Structure formats: structure tokens, C-alpha cells
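All remarks here apply to the structure that follows.
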Amino acid sequence: MFSKLNPNETRYRLRIGEQIVGYAREIGRTRYYSKDQFWWNGAMIKHNQVDECIGLRDLNNRPLFEFDIIEYAIEGDRDRMGCILWEHKKEQFIIKDLDDITLDIPFTVDGLVLFASEDMKFRAHLFAQPDLMHALGVRDN
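Position one of the sequence shown corresponds to residue -10 (this note's numbering), numbered consecutively onward.
See below:
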């Protein structure tokens, strides 16, 4: 994983089904929890689903997580829609284009980040769109 937020930290979104119940962050071997990403403590938040933060923020400074649907730009305007997924074969996060589902775009190539914050804007959660998940062949587990 790459991180522009903090290279020594990994963040997660915690859910129960489709409901976001909080967030976690790991720094070394220590894990902190928050309901709002502002106030953090060691009290664990009950959850059954975990979405990893990709280490980038969108144009509104919102951290992006796997299973987010984003508006994004390849060249110029943000005129494309895609969802953030983990590509197991390549072991990296990708954008799965929603207009051309054969198009998988990595966030990095040879260590270079391909997208600036202004190139991406959060739109929705893929896990709240079961029909779209099914059409893409994506499982939430």
C-alpha cells in the first residue's frame, strides 16, 4: 500500500453491513478507533466489515477507501465514474471504470501516483449498491 496521508499509518473504515460505524488507524502495532475521524482512542468499535483507506484524499480532502465510488479524470475534466477496488493479482488498489468494466486503472505505476486529489471526487459507497456489486462481480467480504 502507498500512503500520502502518513506512511507510518494505515486507516480503515469499519462497518456493520452497509452502515459505517467508525474508523480505525494503525500506527506500528497500536490501533486507535474513532466514530468521526477526529477524536481517536483505544476503545474498540464493534464491526463486521473493514474497508482499507487507499492513502489518498479527494478534492474535498475526504480520505478514499476501497468500495468508494468516485468521479475521476484521466485527462482534463472529472467526467468518468469508477469504484475503488483491491486488485489481488497485482496487489494494488485500482479504479474499476463503471462505463467500461474492462478498464482497470492503477493508482500507481512504478511508485508514481497517477491521480492528484483534484482528479477525484467521492460520490457514493459501492457496498450500498448491491445490484452494481453483482454486475461487477464484486463481493463484500
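C-beta atoms are modelled at their ideal positions from N, C-alpha and C, and glycine is treated no differently. As the structure is a computational prediction, the values presented were derived from the model and not from experiment.
Boundaries of the alpha helix (DSSP H) in which M122 is found, first to last residue: P119 to L125
Contacting residues, own chain, Cβ-Cβ under 7 Å from S23 (five flanking each side not counted): G11, Y12 and W29
Would you kindly work out how many angstroms separate the C-alpha atoms of L3 and Q38, rounded to a whole number? 6 Å
Limits of the unbroken beta strand (DSSP E) element including S23: T19 to S23
Write down every uninterrupted run of the beta strand (DSSP E) in the region -4 to 46 whose length is 3 residues or greater and which is fully enclosed by it, in chain order. Qualifying beta strand (DSSP E) stretches, in chain order: -2 to 5, 8 to 16, 19 to 23 and 38 to 46.
Under DSSP, the beta strand (DSSP E) around R51 begins and ends at which residues? No beta strand (DSSP E) contains R51, which DSSP labels as neither H nor E.
Report the rounded CA-to-CA distance for G6 versus Y21, giving the unit in angstroms. It is roughly 21 Å from the alpha-carbon of G6 to the alpha-carbon of Y21.
When the Cα atoms are used, what is the spatial distance from E107 to D68? 12 Å
What's the call for H36, buried or exposed, on a 16-neighbour Cβ count within 10 Å? buried
Do you know offhand how far I58's Cα is from R18's? Their backbone Cα atoms lie some 30 Å apart in a straight line.
Could you work out which residue in I34, R51 and Y61 is closest to I84 when comparing CA atoms only? Y61
What are the partner residues of F82, as DSSP defines its beta bridges? Answer is W75.
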